[in-house]
Structures are given as structure tokens and as C-alpha cells.
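Just so you know, the sequence shown maps onto residues 182 to 489 in this note's numbering. Note that beta-carbon positions come from the ideal geometry of N, C-alpha and C, so glycine has one too. Structure record follows, encoded as C-alpha cells.
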Amino acid sequence: MTVDRRTFLRSGLLAGSAASLTRTLPASRRDDAPSIRAIQRRRIPKTGELLPVIGLGTSRTLNVDPSGDHPALREVLQGFLDWGGTCVDSSPMYGNSESVVGALLGQLGRQDLFYATKVWTDKGKQAGIDQMEQSRQRMGPERFDLMQVHNLVGLEEHMPTLEQMKAEGRIRYLGVTEMRDWETVEKLIVSDKLDFVQIPYSLGERAVEARILPAARDHGVATLIMRPFVRGQLFQAVKGKELPGWAAEIDCTSWAQVFLKWLLGHPAVTCPIPATSKPHHLHDNMQGGVGAVPDTALRARILEEVVG
Ligand SMILES: NC(=O)c1ccc[n+]([C@@H]2O[C@H](COP(=O)([O-])OP(=O)(O)OC[C@H]3O[C@@H](n4cnc5c(N)ncnc54)[C@H](OP(=O)(O)O)[C@@H]3O)[C@@H](O)[C@H]2O)c1
182 MTVDRRTFLR SGLLAGSAAS LTRTLPASRR DDAPSIRAIQ RRRIPKTGEL
232 LPVIGLGTSR TLNVDPSGDH PALREVLQGF LDWGGTCVDS SPMYGNSESV
282 VGALLGQLGR QDLFYATKVW TDKGKQAGID QMEQSRQRMG PERFDLMQVH
332 NLVGLEEHMP TLEQMKAEGR IRYLGVTEMR DWETVEKLIV SDKLDFVQIP
382 YSLGERAVEA RILPAARDHG VATLIMRPFV RGQLFQAVKG KELPGWAAEI
432 DCTSWAQVFL KWLLGHPAVT CPIPATSKPH HLHDNMQGGV GAVPDTALRA
482 RILEEVVG
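Given below as C-alpha cells:
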């Protein structure tokens, strides 16, 4: 089987010309890795805006003292931006993470993110409004690009607020995150109220494959993919296992890249958001957004070889 038959540039197909998706960063941006290439981008269906295909999660990894010095975390964020990453996902549920994103961006003198966070309170509408303003002050954007109802908590109260904020230009996109209640998520997708849905999907967690991903694709809802490594547990499944020959055919040099490329091989996936506290893992993950992605046949083979 040849590379051409087995692989395809899904992002290129979705986003237009492949040539427009990959660019070489100026050498001045990274002394230690002058040849890294920027990652690919996919369209957000509701607007056509291009979003880099690998984002950055912040749960646990950035829950540190915001007033402390965290050179490794600063390097993670710097590396993410150098690769052309933009989508950083946080939540008031993640302790200090929103504040740490804001502090690190201040140290780097950058603000060019796709800022995504969540509203997470069951204390009613005003509590949600207050919390979102607190998140804005912590992370630092003038307005959030994406605001999500975290795990559907207070959905009835917060959804009208998000719709109003979007209509007034105070957020750009709205969405929900959820890990279990697929019936409600599907109803929301089909109601055409959502711009984004954030869901767990990986070689180890495939509950969204049957209905949620097809519904998102059919209704033009962008997907942020949480837990792409099942919190790191996926690496246990391949411990001590050599990277198979086909990995090179999809430009992968690590299992992390295989896991991310497997996700990007699904047409309804917009942007997996792996979290890491380590610069070398960040570079590994961002490399997963460059080059070919597996077609259906290779995705099935990867699934078989990794989880059996
Ligand atoms: N309900 C919700 O809304 C919800 C729920 C869960 C997650 N999320 C979002 O999704 C994001 C991602 O999910 P997650 O953080 O739970 O799990 P994850 O991204 O699947 O896994 C993170 C773990 O993988 C490790 N890791 C990262 N890159 C690696 C690499 N290249 N090689 C080896 N290990 C690597 C990290 O450790 P190191 O630090 O050592 O790299 C970390 O322990 C969250 O941060 C959050 O933003 C949302």
C-alpha cells in the first residue's frame, strides 16, 4: 500500500489549498529548532475561520502558583505559539490555570491566542456572569473567543447569557463541554445553537463516534477534543512497543503523534487539546499537527494495533 493511497491531507481538503496550511517559521522565533514548521489549520464550520489543529489544555498542568516563576511552563506556551498554535482551553474549575495563562502571556508579551474557557457554576445566571468576568480578568483577553458551559452545569441559565454575549460581540463563539450525557449534547448540536462542542475522544474513549461526531459534522459544529491521551493513560497501552513502519507514512516519530493524527483523520475533528507541563512533550504534540493524516483503513489498523 502506498503512502498516497493510505494517507490524505484531511486538513488541506477542509481548509483549502494545502500550501496555505504549512509555513516555515522565521528562524529568529526559535534558536534551537529553526526548521520547525507551523501546524495545519482547519475551518470552524460556522464562520470559515481557520483554527490551528492542535490546541493546548490547561487542566492540572497549569494549576500552579500564578505569582511564582515557572520557566518550563513559560517554554511550553512559547513553544505552542512558535508552532503557530492559538487555541488554549481553560476553566474556572482548573484552580489557578486561567491566572497562570494570563501571567505567562504577560511574561511573553503575547496576546494572540484563541482564548477558550468555560462557565462552571450551578448558582444561577448572575453567578455565571460574574464568573466569566473573573475569568476574563484572569486570562486577560478583551473578549473570549470561545465560552463553553462546562459539563452542561447550569445550562438553562447560562445558555441565554452566552447567546446574548455573542449577539453583543462580547464572545465570538459559544459551546458546551460534556463527558457523559450524549443525549443532551446531541439535542444541542441538532438544535443548531452551538458553534463548538468539546468532547472526549481518543483511541481509548470512543463513545462519541456513533452519534456525536456525525451530528457535529452534519450540523457544522466545531469539535475541541479533550483527553486525547486519556490523561496520559494511552501511553501505557504502547509501553515498550516499537513505532510500526506505517508511522513514518503519516509523518509520525512518536506515539503521541500517532494518537493525535488518528484523531485528525476523523473528518469531524477540529482541534484536539492535549495538556502538558513539559516543553519536549509540547514539541512532540505540535509535530502531530504537521503532515499527512491516516485514512479510514489506516485508522482502523492503528486502533487494532493499539487497543486490540
Ligand atoms: N469536562 C471538560 O470540559 C474537560 C474534561 C477533561 C479535559 N478537558 C480539557 O482537555 C484538556 C486535555 O485533557 P487532559 O489534560 O485531561 O488529558 P490529556 O491531554 O489526554 O493528557 C494529559 C497528560 O498526558 C501527558 N502528556 C502530554 N503530552 C505527552 C507526550 N507527548 N508524551 C507523553 N505524555 C504526554 C501529560 O503529562 P506531562 O505534563 O508530563 O506532559 C499529562 O499527564 C484538559 O487540559 C482540559 O483543557 C476538559
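- Proximity of the beta carbon of S280 to ligand 1 is not indicated: no heavy atom of the ligand is located closer than 7 Å.
- Residue environment: P252 is assigned as exposed (fewer than 16 neighbouring CB atoms within 10 Å of its CB, all protein chains considered).
- Relative to L424, the option among Q438, V411, G413 whose CA is nearest is Q438.
- In this structure, ligand 1 has a non-hydrogen atom nearer than 7 Å to the beta-carbon of G238.
- DSSP places M407 in the strand class (E or B) of the three-state scheme.
- With fewer than 16 other CB atoms across the displayed protein chains lying within 10 angstroms of its CB, D303 is exposed.
- Around the Cβ of V488, a 10 Å sphere holds fewer than 16 other Cβ atoms; the residue is exposed.
- Looking from the CA of P233, the closest CA among E344, V269, K299 belongs to V269.
- Proximity of the region 324 to 335 to the region 296 to 311 meets the contact definition, three or more beta-carbon pairs being nearer than 8 Å.
- Between S280 and T239, the CB-CB gap reaches or exceeds 8 Å.
- In the DSSP assignment, the residues bridged to G356 are Q329, F377.
- By the Cβ-count criterion, F416 is exposed, with fewer than 16 other Cβ atoms from all chains shown falling within 10 Å of its own Cβ.
- In the DSSP assignment, L294 falls outside any beta strand (DSSP E), carrying neither H nor E.
- CA-to-CA, the gap between T342 and A397 works out to about 23 Å.
- In this structure, the alpha-carbon of D263 lies about 19 Å from that of M320.
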